[in-house]
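Undergrad:
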Amino acid sequence: MNGEQVDFQRIKEIPMRRVLARYGVKLRSSGGEMRGQCPLPAHTSRESRNSFSVNLARNIWCCQSMSCTDARAGQLGGTVLDFVAEMEHCSIREAALHLADWFGGLDSVPHIVDQKPRSYSEPNLPLKFQLTNLDYAHSYLDKRGITPATARSLGIGYYSGPGIMQGRVVIPIRNSAHELVAYAGRSIDGQEPKYRFPAGFHKGQELFHLNRARQAGTNTVIIVEGFFDTAKVWQAGNRNVVALMGSSLSETQTRLLEKHFRSAALLLDGDLAGQKATAVITGRLSQAMDVTTIRLPEGKQPDQLASREINEIVSVHVREAHGYGR
Ligand SMILES: [Zn+2]
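Just so you know, we're using the numbering used here here: the sequence shown kicks off at 63 and counts up by one.
Listed below in C-alpha cells is the structure:
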C-alpha cells in the first residue's frame, strides 16, 4: 500500500499558530493576522524584517520578500503543509506525516492509514539554498582556536541573517557526493540548544567532512566526535578527518567508512562518555576495517589541543594520514 491515503485536507486545518509555536517562531498578532520576521531557511534577505504574515482565518501564510519567494521557486506562501515542507526540506507528503506525528498523530488524523515507520535509511535531501555573508573571523571562532583561513575553507562562519540559524555559528554539512544537506547552528552565548539542526535532518546518515576526507588520498581516516574537533585536526594538517556528529556510529556511517577507507583511527573525547563510545565503536567498526584507538588525556577533547599536540598524538597512530600509506 502506498501513501495515497494521507488526508491532506484534514491536516491543512491544523492551526498555523500551533505549527509556528512548535518551531519557536514568534510573530506579532493584530486583528486576524500575525506578522514578523520570516522564519524560512530559504529567507536570506537581511532587510525584510516584516515580510512574513499569516492569515489566521484562512490558515495560510506568505512571505513578500522577493528573494525568499525566488528561492522557493516563485511560491508566495501556502498552507501548513507548504510551511513544514519548506522548514524540513521535504515533500508535501512527508510534511503531512510530520504534522500528523506532532499534532495528535493517528487519532486526530484517522485517514493516514499507511504511516510508514520513520526510516533512518531515508537520505537527507540537498538544501535548495545556501547561507551567505558568513563571518569567518568572528571572535567565537578565534576563541575556539579556529583561524579565519580554516573557517573559510570549511565554510564555518557566524550568520547574522534571518531564520532559525540567526546569531549562530553555522557549519555546512555535505553528503559524500558533496551536496549540501544541512547546516548545524552552534549557539555562541550559552543559548539552548547548543546545536540546532534542521528538524528533518538525520545525523546518522552522514559523516561530517567525508566529502573532503575521501579525497585526501589516504587509506586511513581519523574519526572524531564534533565539528570543532574536525576543524582543529584539519587545521593541524590532517585532511583525512571525519566527525560522527556525536558519540555513536550508525550502520550507514559504518558503510560509508567501509566504502572509502581501509582503516580508522578513533580520536574521541577523553571523558568517560568518550571512552565508552570508543569501546562500542571499536567493537562495531573492527568488523569492517582495521581500527586503532587514540587515547587522549582524561577529560581532554581534540578541539582543545594545539596543532602540535594533535600531530604528536596522531602521527604515532596514523602514519598513512601524512601520505606514507598504500
Ligand atoms: Zn521569507
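The C-beta atom is built at its ideal place from N, Cα and C for all residues, glycine as well.
Can you grab the Cα-Cα spacing for the pair E287 / A83, in whole Å?
TA: Each residue's alpha carbon lies about 32 Å from the other.
Undergrad: Going by CA-CA distance only, name the one from Q297, E109, S127 and R346 that's closest to S215.
TA: Closest by alpha carbon: Q297.
Undergrad: Could you give the residue range of the alpha helix (DSSP H) that holds T292?
TA: Residues F289 to Q297.
Undergrad: Using 10 angstroms around the beta-carbon of N195, count the other beta-carbons present and answer buried if the total reaches 16, otherwise exposed.
TA: Exposed, since its Cβ has fewer than 16 Cβ neighbours within 10 Å.
Undergrad: Run the CB neighbour count on M149, radius 10 Å, all protein chains shown included, and call it buried at 16 or more, exposed below.
TA: Burial call: buried.
Undergrad: What residue range is occupied by the uninterrupted alpha helix (DSSP H) comprising I372?
TA: Run containing I372: S369 to H379, per the alpha helix (DSSP H) assignment.
Undergrad: For S312, which residues of its own chain have a beta-carbon under 6 Å away from its beta-carbon, when the five flanking residues on both sides are left out?
TA: Correct list, in chain order: G266.
Undergrad: Could you tell me the distance, in whole angstroms, from the CA atom of R248 to the CA atom of F70?
TA: If you take the alpha carbons of R248 and F70, they lie about 35 Å apart.
Undergrad: A298: beta carbon under 8 Å from a heavy atom of ligand 1?
TA: A298 Cβ: outside cutoff for every heavy atom of ligand 1.
Undergrad: Considering only the alpha carbon of each residue, which of Q253, I208, L242 and A239 lies closest to G229?
TA: Ranking the options by Cα distance to G229, first place goes to Q253.
Undergrad: Closest to S91 by CA distance: which of Y85, N302, Y257 and M78 is it?
TA: Considering only alpha carbons, the answer is M78.
Undergrad: Note down, one range per segment and in chain order, each beta strand (DSSP E) of at least 3 residues found wholly within the stretch 240–294.
TA: Segments of the beta strand (DSSP E) lying fully in the stretch 240–294: 242–249 and 282–286.
Undergrad: Could you check the C-alpha separation between Y245 and L203 for me, to the nearest Å?
TA: Roughly 16 Å separates the two Cα atoms.
Undergrad: What number of angstroms, rounded off, separates the C-alpha of E66 from the C-alpha of R317?
TA: Per-residue confidence for E66 stands at a pLDDT of 38, beneath the threshold of 50, marking its modelled position as unreliable; no derived number is given.
Undergrad: Between which two residues does the alpha helix (DSSP H) harbouring S201 extend?
TA: S201 to K205 is the extent of the alpha helix (DSSP H) around S201.
Undergrad: Taking I73 as part of the alpha helix (DSSP H), name the residues at either end of that continuous run.
TA: F70 to I73 is the span of the alpha helix (DSSP H), which, as asked, contains I73.
Undergrad: Short check: CB of S392 to CB of K294, under 9 Å?
TA: For residue 392 there is no data in the structure shown, the boundaries of the chain being 63 and 388.
Undergrad: Ligand 1 heavy atoms versus the CB of L193: any closer than 8 Å?
TA: No, the beta carbon of L193 sits no closer than 8 Å to any heavy atom of ligand 1.
Undergrad: How about R258 and M227: are their beta carbons less than 9 Å apart?
TA: Yes, Cβ-Cβ distance for R258 and M227 is below 9 Å.
Undergrad: Give a yes or no on whether the C-beta atoms belonging to K190 and A104 are separated by under 9 Å.
TA: The answer is yes: Cβ separation under 9 Å.
Undergrad: Measure the alpha-carbon distance for R111 versus P364 and round it to whole angstroms.
TA: Roughly 40 Å separates the two Cα atoms.
Undergrad: Starting from N117, follow its DSSP beta bridges and name the residues at the other end.
TA: DSSP lists E95 and I122 as partners of N117.
Undergrad: Jot down the residue ranges of each uninterrupted beta strand (DSSP E) in the stretch 308–339, minimum 3 residues, whole runs only, in chain order.
TA: Listed in chain order, they are 325–328.
Undergrad: What I want to know is whether the C-beta of C152 ends up closer than 8 Å to one or more non-hydrogen atoms of ligand 1.
TA: It does not: the Cβ of C152 is nowhere closer than 8 Å to a heavy atom of ligand 1.
Undergrad: What is the rounded straight-line gap between the Cα of L347 and the Cα of G299?
TA: So the alpha carbons of these two residues sit roughly 25 Å apart.
Undergrad: Kindly examine ligand 1 and report whether one of its heavy atoms sits closer than 8 Å to the Cβ of S215.
TA: S215: no, Cβ never under 8 Å from ligand 1.
Undergrad: Per DSSP, what kind of secondary structure is A383 in: helix, strand or coil?
TA: Any reading at A383 is ruled out, since the residue's pLDDT is 43, under 50, leaving its predicted position unreliable.
Undergrad: So the alpha helix (DSSP H) P234 belongs to, where does it begin and stop?
TA: Segment R230 to R236 is the beta strand (DSSP E) holding P234; no alpha helix (DSSP H) there.
Undergrad: Just the C-alpha distance for G219 and V232, rounded to the nearest angstrom, thanks.
TA: If you take the alpha carbons of G219 and V232, they lie about 6 Å apart.
Undergrad: Given 8 Å as the limit, is there contact between the stretch 328–344 and the stretch 277–292, that is, 3 or more CB pairs closer than that?
TA: A contact exists between the stretch 328–344 and the stretch 277–292.
Undergrad: By the 10 Å Cβ neighbour count, where 16 or more other Cβ atoms means buried, how is V380 classified, buried or exposed?
TA: V380 is buried by the Cβ-count criterion.
Undergrad: Helix, strand or coil: how does DSSP classify R155 here?
TA: If DSSP states are grouped into helix, strand and coil, R155 belongs with the helices.
Undergrad: Please determine, among T106, L272, P188 and L319, the residue with the shortest C-alpha to C-alpha distance to Q349.
TA: Considering only alpha carbons, the answer is L319.
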